[in-house]
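Reviewing the structure listed below.
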Amino acid sequence: MPWWKCSNCGYLFQGDTLPERCPNCGEKCTFYDVSCYTPECGFTGYDPKLVARSPSNESRF
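One rule links them: number in our numbering = place in the sequence shown (from 1) + 532.
This is how it looks when you write it as structure tokens:
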């Protein structure tokens, strides 16, 4: 099951489907797939490098 990060508040959750609104902030947000797909993070859980990354405000539109 993939890990997702809310673009608004940074909330992390795991799920096969995305909710209409973030379970944490309640906003309609973009959700980024932050699942680990590389050997560096062991192919399990979320990738700390992706979780730490903040998208620019321009990418939200």
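Here a beta-carbon is modelled for each residue, glycine too, at the ideal position from N, C-alpha and C.
Next on the checklist: I need the straight-line Cα distance from proline 551 to cysteine 557, nearest angstrom please.
Outcome noted: Position 19 of the sequence shown, counted from the start, is the residue given in the question as residue 551. Position 25 of the sequence shown, counted from the start, is the residue given in the question as residue 557. Going by the C-alpha atoms only, they are around 12 Å apart.
Checklist entry - If you drop the 5 nearest sequence neighbours on each side, which residues of the same chain put their C-beta closer than 7 Å to that of aspartate 565? => result Stepping through the sequence shown from its first residue, residue 565 is reached at position 33. Cβ within range, chain order: Pro534, Trp536.
Checklist entry - Can you tell me where the beta strand (DSSP E) with leucine 544 in it begins and where it stops? => result Stepping through the sequence shown from its first residue, residue 544 is reached at position 12. Segment 544-546, the beta strand (DSSP E) holding leucine 544.
Next on the checklist: Going by DSSP, what residue range makes up the alpha helix (DSSP H) through lysine 581?
Outcome noted: One-based indexing of the sequence shown puts residue 581 at position 49. From DSSP, the alpha helix (DSSP H) with lysine 581 extends over 580-584.
Next on the checklist: Taking 7 Å as the limit between beta carbons, can you name the residues of its chain near cysteine 541, skipping five residues before and five after?
Outcome noted: Along the sequence shown, read from residue 1 onward, the residue named residue 541 stands at position 9. Hits under 7 Å: Cys554, Asn556, Cys557.
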